[in-house]
Amino acid sequence: MFLRFCLIVLLLVNFAVVAQQPADDILLADPTIFEEDGVFYLYGTKEDAAIPGAGFLVYTSTDLKHWSGPAGATDGYAFKKGAGFGTKGFWAPQVFKHKERYYMAYTANEQIAIATADSPLGPFTNSGTALAASVKQIDPFVFFDGGKAYLYHVRLQEGNRIFVAELTEDLSAIKTETLNECLHATTGWENTQNTDWPVSEGPTVFKKGTTYYLMYSANDFRNPDYAVGYATATHPLGPWTKYAGNPIISQNTTQQPGIGHGDLFTDQNGMLRYVLHTHNSKNQVGPRKTGSVQLRLKDGILELVPDSFKQIKL
436 MFLRFCLIVL LLVNFAVVAQ QPADDILLAD PTIFEEDGVF YLYGTKEDAA
486 IPGAGFLVYT STDLKHWSGP AGATDGYAFK KGAGFGTKGF WAPQVFKHKE
536 RYYMAYTANE QIAIATADSP LGPFTNSGTA LAASVKQIDP FVFFDGGKAY
586 LYHVRLQEGN RIFVAELTED LSAIKTETLN ECLHATTGWE NTQNTDWPVS
636 EGPTVFKKGT TYYLMYSAND FRNPDYAVGY ATATHPLGPW TKYAGNPIIS
686 QNTTQQPGIG HGDLFTDQNG MLRYVLHTHN SKNQVGPRKT GSVQLRLKDG
736 ILELVPDSFK QIKL
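Residues 436 to 749 in the numbering used here are what the sequence shown spells out, letter by letter.
Written as structure tokens, this is what we have:
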């Protein structure tokens, strides 16, 4: 009876936090932004105690200031539970266009699946299967380079570790002979609580010149020290070298607790921005809020533009 009472209290507290949330706050964790023809599409992990594991909402904007939605093809969802693989834990989507089709790589049931659609609004669907794997894997990011597709992702083995593998041409499986670990959290800023299960996650990759940049988040997302760093390489499969000045996005540099796990995009002015989430407040982790910061490359160094954090609202 005591355990049941505690669970009821916890649910009531969760609902109270949501009820007190300003109506215009967009509450998506692990966000990503896809842009096409001047329209920005925002997706992410939905944290809602009322409808857990429902899928992926999508919001739209043409100026990155005013957002509307949810605008997905199915009750506001671009992908809704039942349209393909997954029954719970719908996390960390990435949307991209490939051969005139729209793809969504996502996590469900602690596995990675890829769905397709005719529109960024969905409905995204798949056959109900995930990419084959011998371990739990999350946080997919598909990167195209030199006519090949690479899947950066997190494998749950002795911590959350970031791996990469080349995908088959139809994006239905990895080429296991190319599977390689990129990096994992060690000490210092990456594991401020010195846990036995260090976390590195949320990979995003881009290329500038001949250098590949892998952005990642470290620490448990519930830790206010959750932050973002990056590593560089001269080949998509690595080896990767962590930047000595990490983290570049953190509570210290933005005054936002639990900031991280996002994706890069270019705004309407050609500026490089990184969409991410923060804790709901200094005293409350969730539901996490969506925001963005501006980044810049200076002499090959990726850095945060000071005072550039913006919360994303309707």
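Built from N, CA and C at the ideal position, the CB exists for glycine as well. Source: prediction; values computed, not measured.
Asked: Close beta carbons around Tyr665, own chain, < 8 angstroms, minus the five adjacent residues each side; Found: Tyr648, Leu649, Met650, Tyr651, Lys677, Tyr678, Asn681, Ile683 and Leu737
Asked: Close beta carbons around Leu618, own chain, < 8 angstroms, minus the five adjacent residues each side; Found: Arg596, Ile597, Ser635, Leu649, Tyr651, Ala666, Trp675 and Lys677
Asked: Residues that Asn615 bridges to, as DSSP identifies them; Found: Val599
Asked: Buried or exposed (CB count within 10 angstroms, at least 16 for buried), Val728; Found: buried
Asked: Closest Cα partner of Asp460 within the set Gly504, Asp498 and Pro633; Found: Gly504
Asked: Any alpha helix (DSSP H) of 4 or more consecutive residues that is wholly inside the region 654 to 710; Found: 686 to 689
Asked: Proximity to Leu730 [Cα-Cα], best of Asn561, Thr480, Met706 and Ala567; Found: Met706
Asked: Contact check, Ala513 vs Gly519, beta carbons under 8 angstroms; Found: no
Asked: Chain-order list of residues whose beta-carbon lies under 7 angstroms from that of Leu732 (same chain, five-residue window excluded); Found: Lys643
Asked: Proximity to Ala458 [Cα-Cα], best of Trp502, Ala464 and Asn658; Found: Trp502
Asked: Host beta strand (DSSP E) of Gly726 (start-end); Found: Lys724 to Lys733
Asked: Residues that Thr639 bridges to, as DSSP identifies them; Found: Met650
Asked: Top-ranked residue by Cα proximity to Lys500, from Asn544, Phe475, Ala489 and Thr480; Found: Phe475
Asked: Reference Ala600; option with closest CA among Gln592, Leu614 and Asp702; Found: Leu614
Asked: Counted within 10 angstroms of its Cβ, other Cβ atoms place Phe579 as buried (16 or more) or exposed; Found: exposed
Asked: Same chain, Cβ closer than 6 angstroms to Gln686, five either side skipped, listed in chain order; Found: Pro659 and Pro692
Asked: Which residues DSSP lists as bridging Ala548, in chain order; Found: Tyr541
Asked: Contact belief for Phe576 with Thr639 at Cβ below 8 angstroms, rounded distance in angstroms; Found: 6 angstroms
Asked: Contact belief for Phe641 with Leu699 at Cβ below 8 angstroms, rounded distance in angstroms; Found: 6 angstroms
Asked: C-beta atoms of Ile573 and Thr551 nearer than 8 angstroms; Found: no
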